[in-house]
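Written below as structure tokens is the structure these notes are about.
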Amino acid sequence: MNKKHILEKVYDPNPVEEKWSKFWIDEGLFIPQVPSSKKKFSMVLPPPNVTGILHIGHALCFTLPDIIVRWRRMQGFNTLWLPGTDHASIAVHNVIEQSLAEKGLTREKIGREEFMKVAWDWKDKYGGMIIHQLKKLGTSLDWTRERFTLDEGFSKAVRHVFIELYKEGLIYRDYYLVNRCPHCGTVLSDIEIEHRERKAKLYYIKYPLLDSDESIAVATTRPETMLGDTAVAVHPDDKRYSKFKKKRVLLPLVNREIPVITDERVEQEFGTGAVKVTPAHDPVDFELGKRHNLEQVIVIDGSGRMTEAAGEEFKGLDRFECREKVIAKLEEMGLLAKTEDYEHAVGHCYRCKTIIEPHLSWQWFVRVKPLAEEAIKVVEEGKIKFIPSNWAKTYFEWMYNIHDWCISRQLWWGHRIPAWYCQDCEHIVVSDEAPAKCEKCPSSKLVQDEDVLDTWFSSALWPFVTMGWPEKTDDLKTFYPTDLMSTGFDIIFFWVARMIMMGLKFAKDIPFRHVFINGLVRDFKRRKMSKSEGNIIDPLEMIEKYGTDALRFTLAALAIPGMDLSLAEERMAGYQAFANKIWNASRFVLMNIQGEEFRLKEEELTLADRWIRSRLVGIIEELHDALENYKFYDAANKIYHFIWGEFCDWYIELVKPSLKQGEQNVGGRPGRYVRPDTEASSSVYALHHRRNLAAYALPPENLWQWHLSLKQERI
Ligand SMILES: [Zn+2]
Ligand SMILES: [Zn+2]
1 MNKKHILEKV YDPNPVEEKW SKFWIDEGLF IPQVPSSKKK FSMVLPPPNV TGILHIGHAL
61 CFTLPDIIVR WRRMQGFNTL WLPGTDHASI AVHNVIEQSL AEKGLTREKI GREEFMKVAW
121 DWKDKYGGMI IHQLKKLGTS LDWTRERFTL DEGFSKAVRH VFIELYKEGL IYRDYYLVNR
181 CPHCGTVLSD IEIEHRERKA KLYYIKYPLL DSDESIAVAT TRPETMLGDT AVAVHPDDKR
241 YSKFKKKRVL LPLVNREIPV ITDERVEQEF GTGAVKVTPA HDPVDFELGK RHNLEQVIVI
301 DGSGRMTEAA GEEFKGLDRF ECREKVIAKL EEMGLLAKTE DYEHAVGHCY RCKTIIEPHL
361 SWQWFVRVKP LAEEAIKVVE EGKIKFIPSN WAKTYFEWMY NIHDWCISRQ LWWGHRIPAW
421 YCQDCEHIVV SDEAPAKCEK CPSSKLVQDE DVLDTWFSSA LWPFVTMGWP EKTDDLKTFY
481 PTDLMSTGFD IIFFWVARMI MMGLKFAKDI PFRHVFINGL VRDFKRRKMS KSEGNIIDPL
541 EMIEKYGTDA LRFTLAALAI PGMDLSLAEE RMAGYQAFAN KIWNASRFVL MNIQGEEFRL
601 KEEELTLADR WIRSRLVGII EELHDALENY KFYDAANKIY HFIWGEFCDW YIELVKPSLK
661 QGEQNVGGRP GRYVRPDTEA SSSVYALHHR RNLAAYALPP ENLWQWHLSL KQERI
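Position 186 of the sequence shown, counted from 1, bears residue number 186 in this note's numbering, the numbering being contiguous throughout.
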């Protein structure tokens with residue numbers, strides 16, 4: 001603290017905070033000792049997307065664990081909080097492809113190699129934004145250990161994991177119906193789909209029976225898929241259709257003969273009770289088609305356009321244009337029985353909100369069940385604890401019903417799948433490096449898989465690869481398993497569960513002991529923050545206006561485990577005033593101790609000294625308790641009331657008169673305010689108060705030691 005700041009009455013947080021956060025990093029204060037005999041406390045930062053810009057959710061998600069790691073550091077733990085960023089395939093593709101589109105280019109036009117060059121250039125230029133913002137937020141991360149999920153070590157580890165899982169049969173390739181986002185141009189896993197209620201239409205279409213005047217009506221919300229129908233299905237017990245069993249219908253528009261089949265899983269209550277079956281474009285029909293050996297006709301391609309198989313009239317049309325055209329045609333032909341309003345859940349891409357298209361294709365999958373079994377066990381046995389504990393239930397529900405995980409993405413920015421296809425015998429070679437020849441035949445014509453791995457595949461390895469795995473590093477020995485993972489509920493499945501599975505499988509231990517799930521930051525009316533509502537609070541703007549401490553303190557004060565936060569800007573203004581209060585109290589202390597160092601003697605303390613000191617010891621214990629249980633709100637409240645109420649309003653006011661008197665006595669002149677005790681002792685009192693105040697200027701680690709020594713004294 002320089003003189004200028006001491007003299008200022010109103011605290012200007014920005015320059016002070018900037019100075020200290022630079023000082024911390026320059027001095028390497030957050031770099032742990034390795035090896036060390038001290039007890040350790042470690043965490044890895046949930047890596048933000050490299051495209052990320054700090055939002056209020058980040059601010060909360062990073063502030064809370066920062067409080068914990070700083071507290072552990074003050075307690076003398078050897079602490080590591082390891083930072084880094086995620087390469088975020090889809091998000092980066094969106095950024096790069098948009099800028100290409102502005103120049104009239106596409107990724108296909110420039111090719112894979114050039115695209116990767118552009119993407120790396122972009123990453124080098126803009127990828128550091130979120131890191132800079134994390135520093136602004138005052139996070140006590142060890143920047144010397146910063147990692148990126150696409151750095152060299154990571155890429156090596158990812159290939160290693162892929163190969164191991166493949167060898168064990170836990171990774172396989174299959175021709176399967178998956179979810180595809182036509183806009184992002186890639187398939188997605190089940191959990192990357194958001195199901196949203198949408199108003200739609202239910203169309204009843206008549207399929208004429210062959211050699212008959214009768215027809216069967218089927219109901220569908222996606223009439224364009226009828227072009228790919230290969231059957232009509234009814235329930236075997238449905239009397240309405242018993243006479244149609246084993247008959248054939250003529251699929252309108254396509255004029256394909258398709259059978260009427262029976263299947264127990266047909267819902268008799270839906271629509272007419274007869275359903276069209278499109279094995280290549282609907283998950284239920286896909287399974288049904290497999291059971292009945294039906295043909296899979298692909299009529300919509302990966303970009304949401306109709307294929308050749310859709311027929312001359314429709315090929316090349318966008319899926320929704322095609323819908324209109326199909327309906328118009330059917331109406332013309334008198335085959336549209338009726339149309340009803342219908343509300344149902346529709347899958348959307350979690351990144352770009354485009355409606356998902358089921359897509360039949362060759363993809364790579366992780367067989368998750370065997371991995372999930374172990375991951376369930378460690379939570380059941382309490383080795384990993386969720387806070388609040390009810391999140392464990394959510395975790396179990398998902399883990400017990402887990403499906404195989406589709407991990408291939410039709411993108412370029414990411415970890416390219418280390419699989420090569422023999423062009424002569426179709427054998428697949430999975431290898432760390434490009435193989436010279438096929439394993440099964442003498443062919444050297446091998447082509448690498450074009451796809452990259454799901455970004456979550458690499459981030460699942462984050463807790464141990466960041467520490468140098470698969471090498472047996474000192475960092476791994478010292479800091480793995482980590483102690484705490486603090487994150488949002490929305491990525492329990494995406495990330496937390498997968499880190500547990502992969503940690504157990506490859507690092508041979510749980511990745512973390514505690515999973516703290518923070519709430520959602522809402523606005524002051526408890527509404528979700530969104531661009532369209534215009535109620536977004538930008539943390540960087542808040543830092544600019546009120547200071548980082550005020551923002552962080554507000555978030556901590558609102559963080560009640562298991563509850564969403566309701567954030568109002570006024571709260572930050574309030575805590576800015578609190579920072580100002582601490583500033584003034586500190587100025588007062590610093591001016592009075594005048595750079596002297598003191599050692600306290602118990603018998604020299606006044607009643608006020610003893611009181612505030614015992615309150616301080618008490619409050620430190622209470623804070624310890626609150627933080628041990630992740631009650632950030634409680635800790636914040638206690639600090640606030642102690643500093644503002646007890647320390648500033650009472651203690652400082654109590655000592656002011658004697659300090660003033662002491663000052664006048666320093667020169668030997670009697671003071672105006674004479675205490676009931678001897679005149680001579682008043683300067684001694686002043687000195688004592690100064691000494692006691694000095695404790696508040698101690699660095700945190702010493703303060704903790706001081707607290708322990710006081711506790712010792714009291715015992
Ligand atoms: Zn998308
Ligand atoms: Zn071969």
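Note that beta-carbon positions come from the ideal geometry of N, C-alpha and C, so glycine has one too. All values derive from a computational prediction rather than experimental measurement.
Partner residues in a beta bridge of Pro-463, as assigned by DSSP, do not exist.
Distance from the C-beta of His-427 to the nearest heavy atom of ligand 2 is below 8 Å.
DSSP assignment within the region 628 to 657 yields the following whole alpha helix (DSSP H) runs of 4 residues or more, N-terminal first: 632 to 641. The nearest non-hydrogen atom of ligand 2 is less than 8 Å from the C-beta of Asp-424. Per the CB criterion, closer than 6 Å to any heavy atom of ligand 1, the qualifying residues run in chain order as Cys-181, His-183, Cys-184, Cys-349, Arg-351, Cys-352 and Thr-354. Closest in alpha carbon position to Tyr-204, among Lys-545, Ile-327, Ile-163 and Ala-636, is Ile-327. Judged by DSSP in its simplified three-state form, Ala-337 adopts strand.
Here the region 166 to 178 lies against the region 345 to 365, with 3 or more beta-carbon pairs under 8 Å apart. Between Leu-60 and Leu-565, the C-beta gap is smaller than 9 Å, which places the two residues in contact. For Cys-422, the enclosing beta strand (DSSP E) stretches over residues 419 to 422. The region 540 to 598 is shown to contain whole alpha helix (DSSP H) runs of 4 or more residues at 548 to 558 and 569 to 593, in chain order. Here Asp-625 carries a helix assignment [DSSP, helix/strand/coil].
Here Trp-412 is near Ala-119, since their CB atoms are less than 9 Å apart.
For Leu-540, same chain residues with a beta-carbon under 8 Å away, outside a window of 5 residues either side, are Leu-54, Gln-133 and Lys-136 in chain order. Inter-residue distance for Asp-229 and Val-218 is about 11 Å (C-alpha atoms, whole angstroms).
For Pro-358, no alpha helix (DSSP H) encloses it; the enclosing beta strand (DSSP E) starts and ends at 357 to 366. If you ignore the 5 residues before and after Lys-123, its C-beta comes within less than 7 Å of the C-beta of Val-50, all in its own chain and listed in chain order.
Between Glu-343 and Ile-356, the alpha-carbon positions lie close to 17 Å from each other. Closest in alpha carbon position to Gly-645, among Glu-269, Ala-101, Lys-581 and Gly-271, is Lys-581. For Lys-440, the shortest separation between its Cβ and any heavy atom of ligand 2 lies below 8 Å.
Between Leu-64 and Ala-557 the beta-carbon gap is near 12 Å, outside 8 Å, which marks them as no contact. Assignment of beta strand (DSSP E) within the region 264 to 335, counting only whole runs of 3 or more residues, yields 275 to 277 in chain order. Taking 8 Å as the cut-off, one finds at least one heavy atom of ligand 2 near enough to the beta carbon of Ser-443. When rounded, the separation of the alpha-carbon atoms in Leu-165 and Val-452 is 16 Å. Less than 9 Å separates the beta-carbon of Phe-464 from that of Ala-507. Contact between the region 413 to 424 and the region 512 to 531 is absent, with fewer than three C-beta pairs closer than 8 Å.
One alpha carbon belongs to Ile-620, the other to Ile-639, and they sit about 9 Å apart.
Cβ neighbours of Gly-304 within its own chain (closer than 7 Å, five residues either side excluded): Pro-182, Asp-318, Arg-319 and Glu-357.
Exposed is the label assigned to Met-333, since fewer than 16 other Cβ atoms lie within 10 Å of its Cβ. The region 454 to 501 contains, as complete beta strand (DSSP E) runs of 3+ residues, the segments 482 to 488 (chain order). Looking at Glu-102, Val-187 and Arg-147, the one whose alpha-carbon comes closest to that of Gln-410 is Val-187. In the DSSP assignment, Trp-81 is bridged to Met-43.
In this structure, DSSP gives Cys-181 an extended state, which the three-state scheme calls strand. Cβ neighbours of Ala-573 within its own chain (closer than 8 Å, five residues either side excluded): Tyr-546 and Ala-550. Between Ser-443 and Cys-425 the beta-carbon gap is near 7 Å, inside 8 Å, which marks them as a contact.
For the pair Met-542 and Glu-569, the CB atoms are nearer than the 9 Å cut-off.
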